[in-house]
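Student:
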Amino acid sequence: MVPTHYYLILAAALFTIGIIGVLTRRNIMVILMSIELMMNAVNINLIAFANHLQQIAGQVFAIFVITVAAAEAAVGLGIVIAMFKNKETMNINEIDLMKW
Amino acid sequence: MNFLNLIWLIPLFPAAGFVINGVLGKRMHKTVVGTIAAGAVLLSFIVSAGAVFQLIQLEPEHRSFTLKLYEWIALGAAHTKSGELANFSVDWGFLLDPLSSVMILVVTGIGFLIHVYSTGYMHEEDGFYRFFAYLNLFMFSMLTLVLGNNYLMMFIGWEGVGLCSYLLIGYYFHKRSAGDAAKKAFIVNRVGDWGLSIGIMLIFVTVGSLEFTKVGEAIREGVMRGDFHVSDPLFIGIALALFIGATGKSAQIPLYVWLPDAMEGPTPVSALIHAATMVTAGVYMVARSNFIFQLAPQAMAVVAVIGAITAFFAASIALVQNDIKRVLAYSTVSQLGYMFLALGVGAFTAGIFHLMTHAFFKALLFLGSGSVIHAMHHEQDMRKMGALRTKIPKTFWTMLVGTIAIAGAPPLAGFFSKDEILWRAFSSSQGHVLLWLLGTAVAGMTSFYMFRLLFMTFFGESRVDHHTAQHIHESPASMTTPLIILAIGSIVAGWIGWPVWLGGTNAFEHFLEPIFEPLPIPHAPAIAYSNLAEAGMAAVSVAVALIGFSLAYFKYYRRSWEQQREIRQYGAAYPVLLNKYYIDQLYDALFVNRAKGAGKSLWRFDSNIVDGLVNGSARLTKRSADGSSWWDRWIVDGTVRFVGGFIKTFSWPVRLVQTGYTQNYALVMILGVLIFIGYVLWGTP
Numbered sequence: 614m615v616p617t618h619y620y621l622i623l624a625a626a627l628f629t630i631g632i633i634g635v636l637t638r639r640n641i642m643v644i645l646m647s648i649e650l651m652m653n654a655v656n657i658n659l660i661a662f663a664n665h666l667q668q669i670a671g672q673v674f675a676i677f678v679i680t681v682a683a684a685e686a687a688v689g690l691g692i693v694i695a696m697f698k699n700k701e702t703m704n705i706n707e708i709d710l711m712k713w
Numbered sequence: 029m030n031f032l033n034l035i036w037l038i039p040l041f042p043a044a045g046f047v048i049n050g051v052l053g054k055r056m057h058k059t060v061v062g063t064i065a066a067g068a069v070l071l072s073f074i075v076s077a078g079a080v081f082q083l084i085q086l087e088p089e090h091r092s093f094t095l096k097l098y099e100w101i102a103l104g105a106a107h108t109k110s111g112e113l114a115n116f117s118v119d120w121g122f123l124l125d126p127l128s129s130v131m132i133l134v135v136t137g138i139g140f141l142i143h144v145y146s147t148g149y150m151h152e153e154d155g156f157y158r159f160f161a162y163l164n165l166f167m168f169s170m171l172t173l174v175l176g177n178n179y180l181m182m183f184i185g186w187e188g189v190g191l192c193s194y195l196l197i198g199y200y201f202h203k204r205s206a207g208d209a210a211k212k213a214f215i216v217n218r219v220g221d222w223g224l225s226i227g228i229m230l231i232f233v234t235v236g237s238l239e240f241t242k243v244g245e246a247i248r249e250g251v252m253r254g255d256f257h258v259s260d261p262l263f264i265g266i267a268l269a270l271f272i273g274a275t276g277k278s279a280q281i282p283l284y285v286w287l288p289d290a291m292e293g294p295t296p297v298s299a300l301i302h303a304a305t306m307v308t309a310g311v312y313m314v315a316r317s318n319f320i321f322q323l324a325p326q327a328m329a330v331v332a333v334i335g336a337i338t339a340f341f342a343a344s345i346a347l348v349q350n351d352i353k354r355v356l357a358y359s360t361v362s363q364l365g366y367m368f369l370a371l372g373v374g375a376f377t378a379g380i381f382h383l384m385t386h387a388f389f390k391a392l393l394f395l396g397s398g399s400v401i402h403a404m405h406h407e408q409d410m411r412k413m414g415a416l417r418t419k420i421p422k423t424f425w426t427m428l429v430g431t432i433a434i435a436g437a438p439p440l441a442g443f444f445s446k447d448e449i450l451w452r453a454f455s456s457s458q459g460h461v462l463l464w465l466l467g468t469a470v471a472g473m474t475s476f477y478m479f480r481l482l483f484m485t486f487f488g489e490s491r492v493d494h495h496t497a498q499h500i501h502e503s504p505a506s507m508t509t510p511l512i513i514l515a516i517g518s519i520v521a522g523w524i525g526w527p528v529w530l531g532g533t534n535a536f537e538h539f540l541e542p543i544f545e546p547l548p549i550p551h552a553p554a555i556a557y558s559n560l561a562e563a564g565m566a567a568v569s570v571a572v573a574l575i576g577f578s579l580a581y582f583k584y585y586r587r588s589w590e591q592q593r594e595i596r597q598y599g600a601a602y603p604v605l606l607n608k609y610y611i612d613q614l615y616d617a618l619f620v621n622r623a624k625g626a627g628k629s630l631w632r633f634d635s636n637i638v639d640g641l642v643n644g645s646a647r648l649t650k651r652s653a654d655g656s657s658w659w660d661r662w663i664v665d666g667t668v669r670f671v672g673g674f675i676k677t678f679s680w681p682v683r684l685v686q687t688g689y690t691q692n693y694a695l696v697m698i699l700g701v702l703i704f705i706g707y708v709l710w711g712t713p
């Protein structure tokens, strides 16, 4: 039986890698992938605690997150394609419409 | 088949023809258009002939048939002069009696012949369908005029024929003179229509009805009760108002000026509208209103004098005119004068008789002149004609018949009617020997100018220019056939009024007698003349006509027409006659230019005062708008821009935070989350 804090450490590591990916990489696709990584880290947390606390709600919540992640990936990729068609670039620094 | 109940169809056929040709005519072949137009009138003629035939079968006192289609105007109670309330109700109704019988037969019969003639005459013209649509509309209006059983329906027809006259005079609307002539006809007729409408209103106010038969009965009863008297100023007023209407429509002094100008229209129009039918509407109306005129002998004297003077005046102008249609136009005015002379001396039958015979020979003469013009390629000036006798023989022979008829030679139509008028002008208790003298002089002048026309056109040396001479041709059968029929009519039409002194019965007079039954008022005792006296008078008028003929013979036949000789003969009178006594110039100076001047000063008032006010207020508005715009631009906008500029200037340090880089925002967010977590973990005690 693997102790719960192992899972938590793995999840924290994955989450940190995801955050670093989101903050440092310039390619939108990579950023999206990093976000997925973060979400899966959260999922590991949910499962771990569900197991730890012997409550089924955590597992159910994880299924929901996976579902939402799938939808988010579809929407996100759609936005990325539209963006690429308009801007012909994947570089996030060239997409700075949120400026004043 | 009971034709009497079908008389409502008589005006309807041409109306249908008008609608069909007016709407679809542009896309139809000329033959179809002509067939529809002439066919509609032919149907009207057949129904008219049937109805009149059945009317004659009735006893003379029952020969009055009224057909009411529906109540057209129902206004309810209206005040009359006597203080009683009368029901103002007008039916869309028709009245067939001997008078309207004569009129519808003349209108549809001669109208049909002229329609047939027009299919040939107008064949080369643009707007062929337009011409026939108008012509049918005219037939509808004219038949409504003569068939209507009340004054208002007559007025509808009266205005309708006026409109069609306007449209057809202005048929060649691209010619300025035609447009001017059309306007002149319309405006002069307005003056007359004003009188007629006043007369109609007075009739209703006086007797409380507008139906011919009811008005007649009411007046008859009023006379018997003693309510109405001879020479009542009211009746003189009504009669004169009606006569003003008649002078407009029937071209009498002082409103005759439009008719000669109306010759700008196509020749069949001149024949139909301005000779045979429409211009006789005034005669018809006065005859129809005979019960009113009988109560106003003074007005009748005015009618007689105006008629006689017009006859003389117009005949004298016709003596020297050189345009073939103008001669005929003045001749028409003159002959209409004869008709009014007859009406004025109380010889209503004689007036209607002359109306009928005149319709035949004047339509013939006009159509003949049209045939000449057609042959001459639209040349109307007789100075450029001559010696056409052999070139267009059918036209010549028929016009010869018409000329003899109008000159009053027995036994052609003109003789009987003209002679009856002259005789009654002399013998009637309302007649006068001066009226007879004028009339007889006119007979001589008529004979003279008509033979002058004939000789100048058909005899003598040819003055036709070389180019036209090669192309002179007789008109097609569609034109010559109506001429021949009308020529026969011009010979025999008078025979139905064969006078008693020549051993006849004067059937025409007896036929019309019920309409013109004298009112039970004291009449001056009629002087009994023997048949011999009447025969003597007839001989005198024929002799005068013969003198006119021989003068024309010597001056225009024996020696061909020469302008210089003609001018020398008349001396100082020539320019006066040629320029129609300068009446047009006089009217221009008295009325037309005055009206124009008044219009100009009103225009000046409009352009200076009214427009000045408008422009001034516009300028004032613009000024105040300028001020308001300055306020808006500098004060209101200034404030707004100042606020915006202020914020823009002092907000630059803040806006640097907004880099637009997503990752910056994400970093800040994560830092915030970390701070928050730190605070949660360690910040709280």
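Same order as they appear, the protein sequences are chains A and B.
According to our numbering, the stretch in the first sequence is residues 614 to 713, in order.
According to our numbering, the stretch in the second sequence is residues 29 to 713, in order.
Heads up, the beta-carbon is just placed ideally off N, CA and C, and yes, glycines get one too.
Because the structure is a prediction, the values reported are computed rather than measured.
1. What residue range is occupied by the uninterrupted alpha helix (DSSP H) comprising Asp208 (chain B)?
2. My guess is that Tyr199 (chain B) and Pro296 (chain B) are in contact by the Cβ rule of under 8 angstroms, so how many angstroms apart are they, rounded?
3. If we count the other Cβ atoms within 10 Å of its Cβ and call it buried at 16 or more, is Ile698 (chain B) buried or exposed?
4. With C-beta atoms as the reference, is Pro288 (chain B) less than 9 angstroms away from Val400 (chain B)?
5. If the cut is a Cβ gap below 7 angstroms, which residues of chain B does Asn706 (chain A) touch?
6. Quickly, what does DSSP pair Phe678 (chain B) with across the bridge? List them, please.
7. Taking beta-carbon pairs under 7 angstroms, can you tell me which members of the segment 642-672 of chain B lie near chain A?
8. Kindly indicate the opening and closing residues of the beta strand (DSSP E) around Ile101 (chain B).
9. If you reduce the DSSP assignment to three classes, tell me which class Phe544 (chain B) lands in.
10. State the Cα-Cα distance for the pair Ser455 (chain B) and Gly531 (chain B), rounded to the nearest angstrom.
11. State yes or no: is the beta carbon of Leu659 (chain A) nearer than 9 angstroms to at least one beta carbon in chain B?
12. Work out the CA separation of Tyr149 (chain B) and Thr275 (chain B) for me, nearest whole Å.
13. Scan the segment 484-565 of chain B and note each continuous alpha helix (DSSP H) run of 4 residues or more that stays entirely inside, going in chain order.
14. Suppose contacts are defined by Cβ-Cβ distances below 9 angstroms. Is Val75 (chain B) in contact with Phe31 (chain B) by that definition?
15. CB Ile84 (chain B) to CB Phe539 (chain B), shorter than 9 angstroms?
16. Kindly list the residues whose CB is nearer than 8 angstroms to the CB of Ser472 (chain B), restricted to its own chain and excluding five residues on each side of it in sequence; keep chain order.
17. Once the 5 residues before and after Leu462 (chain B) are set aside, which same chain residues still bring their CB inside 6 angstroms of it?
18. Within the continuous beta strand (DSSP E) that includes Val117 (chain B), where are the two ends?
19. For Gly335 (chain B), tell me which candidate among B:Pro603, B:Gln280, B:Glu99 has the shortest Cα-Cα distance.
20. In chain B, what lies closer than 9 angstroms to Met711 (chain A) by C-beta?
21. Is it buried or exposed for Asn33 (chain B), if we count other Cβ within 10 angstroms and need 16 for buried?
22. How about Thr637 (chain A): is its C-beta nearer than 9 angstroms to some C-beta of chain B?
23. List, in chain order, every chain A residue whose beta-carbon is nearer than 8 angstroms to that of Ile698 (chain B).
24. Can you find at least 3 beta carbon pairs, one from the segment 129-140 of chain B and one from the segment 253-260 of chain B, that sit closer than 8 angstroms?
25. Which of the three DSSP states, helix, strand or coil, is assigned to Asp709 (chain A)?
26. Can you check which of these residues, A:Ser647, A:Ile630, A:Phe662, A:Asn653, is closest to Val681 (chain A) by C-alpha distance?
27. Along the alpha helix (DSSP H) that carries Arg596 (chain B), what are the first and last residues, could you check?
28. Per DSSP, what are the beta-bridge partners of Glu239 (chain B) in this structure?
29. When the Cα atoms are used, what is the spatial distance from Met182 (chain B) to Ala653 (chain B)?
30. From the DSSP output, in three-state form, read off Asn640 (chain A) for me.
31. Pull up the CB-CB distance for Leu440 (chain B) and Gly522 (chain B), whole angstroms please, since I reckon it's below 8 angstroms.
32. Measure the Cβ-Cβ separation of Leu722 (chain A) and Leu645 (chain A) and say whether it is below 9 angstroms.
33. Leaving out five residues on either side along the sequence, give the residues of the same chain with a beta carbon under 6 angstroms from the beta carbon of Ser490 (chain B).
34. Less than 8 angstroms between the CB atoms is what I'm expecting for Leu175 (chain B) and Pro39 (chain B), so what's the real figure, rounded?
35. Could you tell me the distance, in whole angstroms, from the CA atom of Arg452 (chain B) to the CA atom of Ala370 (chain B)?
Tutor: According to the structure data:
1. 204-235
2. With a Cβ gap of about 10 angstroms, Tyr199 (chain B) and Pro296 (chain B) do not count as contacting.
3. exposed
4. no
5. Tyr689
6. Answer by DSSP bridge pairing: none, since Phe678 (chain B) is not bridged.
7. none
8. 93-107
9. coil
10. 19 angstroms
11. no
12. 31 angstroms
13. 494-497, 505-520, 535-540
14. yes
15. yes
16. According to the sequence as given, residue 472 (chain B) is Gly; it is not Ser. Contacts found: Val572, Ala573, Ile575, Gly576.
17. none
18. Note that residue 117 (chain B) corresponds to Ser in the displayed sequence, not to Val. Segment 113-124, the beta strand (DSSP E) holding Ser117 (chain B).
19. B:Gln280
20. Gln686, Thr687, Gly688, Tyr689, Thr690, Tyr693
21. exposed
22. yes
23. Ile632, Leu636
24. no
25. coil
26. A:Asn653
27. 591-598
28. B:Asn178
29. 60 angstroms
30. strand
31. 7 angstroms
32. Residue 722 (chain A) lies beyond the range of chain A shown here (614 to 713); nothing can be said about it.
33. Gly414, Ala415
34. 6 angstroms
35. 7 angstroms
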